[in-house]
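**Q** Under mature numbering (1 follows the signal peptide of the UniProt record, and there is no 0), read the sequence shown as residues -20 to -1, 1 to 181, first letter to last. Ideal Cβ placement from N, Cα and C applies to all residues, glycine included. None of these values were measured; they are calculated from a predicted model.
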Amino acid sequence: MKKYFIIALLSTFTAVGANAQLLPTFQLGLKGALNFSTLRTDDGNWLDGSTRTGYQAGIWARIGGAGVHFQPELYFTGKSSKAEFDNPEGGNVTANVTFTSLDLPLLLGTRIGLGPLGVRVQAGPVVSFVVDEGIGQALQDVADFNSYKSQAWAVTGGIGVDISKFRADLRYEHGLSNLSENSNRSQKINLWSLGVGYRLF
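1) May I have a chain-ordered list of the beta strand (DSSP E) segments no shorter than 3 residues that lie completely inside the stretch 5 to 86?
2) Going by DSSP, name the residue or residues bridged to Gly104.
3) DSSP on Ser130, reduced to helix/strand/coil?
4) Which of the three DSSP states, helix, strand or coil, is assigned to Asn170?
5) Look up Val111 in the DSSP assignment and give the residues it is bridged to.
6) With a cut-off of 8 angstroms on the beta carbons, I'd call Ser30 and Lys62 a contact; round off their distance for me.
7) One question on the structure: do Gly58 and Arg179 come within less than 8 angstroms of each other, judged by their Cβ atoms?
8) So Glu153 is in the beta strand (DSSP E); what residue range does that whole segment cover?
9) If you reduce the DSSP assignment to three classes, tell me which class Gln1 lands in.
10) Taking the beta carbon of Pro96 as the centre, do at least 16 other beta carbons fall within 10 Å, making it buried, or is it exposed?
11) For Thr136, does the count of other Cβ atoms within 10 angstroms reach 16, so buried, or fall short, so exposed?
12) Is Gly95 helix, strand or coil by DSSP?
13) Taking only the alpha-carbon atoms, compute the straight-line gap between Val101 and Arg151 and give it to the nearest angstrom.
14) Less than 8 angstroms separating the beta-carbons of Ala134 and Gly155?
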């Protein structure tokens, strides 16, 4: 009898958790992350960018129902790259490139789990609005390059874990847009990010 009672109780909790995922919900929270970015050219030869560490800080919202959710985010992000390339006059040249942008990911995802514990899979486009940039003088002199576009597109995807009001995410972001404003060399930035968040409500 005790065995059947335990089975019935577990079945009830499972059903409640499943129904909770089907009901429409709204959540809002804060997020922060470290990103590890690399700047590349289309031919892969002109610029050999090493991975550099940056940051993300902002907010996220999640609207869900029927096992699927939409998660827009808005955050400031700092991205950078250290470029090493050949100088036509001889030797190697090193230059630093930095960006500060306002990023808007629009993610679709699904969550697997019960109650406060869950695993998420998410993907979607990201639009970035550059608010500040810094280009090393060596890059301007050698590459005849001195400006970046004010807007860029990327796609991102990854996995996340929810534990009560806390969350953690691992994502990869692949740049789609050529960042160069006035150079004949296409530049795109790719990055990994490792983030944490807190659900306010």
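**A** Reading from the atomic positions:
1) Runs found: 5 to 21, 28 to 30, 32 to 45 and 48 to 66.
2) The partner list for Gly104 (beta bridge, DSSP) reads Thr136.
3) The answer is coil: DSSP assigns Ser130 none of H, G, I, E or B.
4) Strand at Asn170.
5) Paired residues: none, contrary to the question.
6) About 5 angstroms separates the beta carbons of Ser30 and Lys62, which is inside the 8 angstroms limit, making them a contact pair.
7) With contacts defined as CB atoms closer than 8 angstroms, Gly58 and Arg179 fail to qualify as a contacting pair.
8) Taken as a continuous stretch (DSSP letters only), the beta strand (DSSP E) holding Glu153 covers Phe146 to Gly155.
9) A caution first: Gln1 carries a pLDDT of 49, below 50, which makes its placement in the model too unreliable to give a value.
10) Classification for Pro96: exposed.
11) Thr136 is buried by the Cβ-count criterion.
12) Three-state result, Gly95: coil.
13) For Val101 and Arg151, the distance between alpha carbons rounds to 10 angstroms.
14) Taking the C-beta atoms as reference points, Gly155 is found nearer than 8 angstroms to Ala134.
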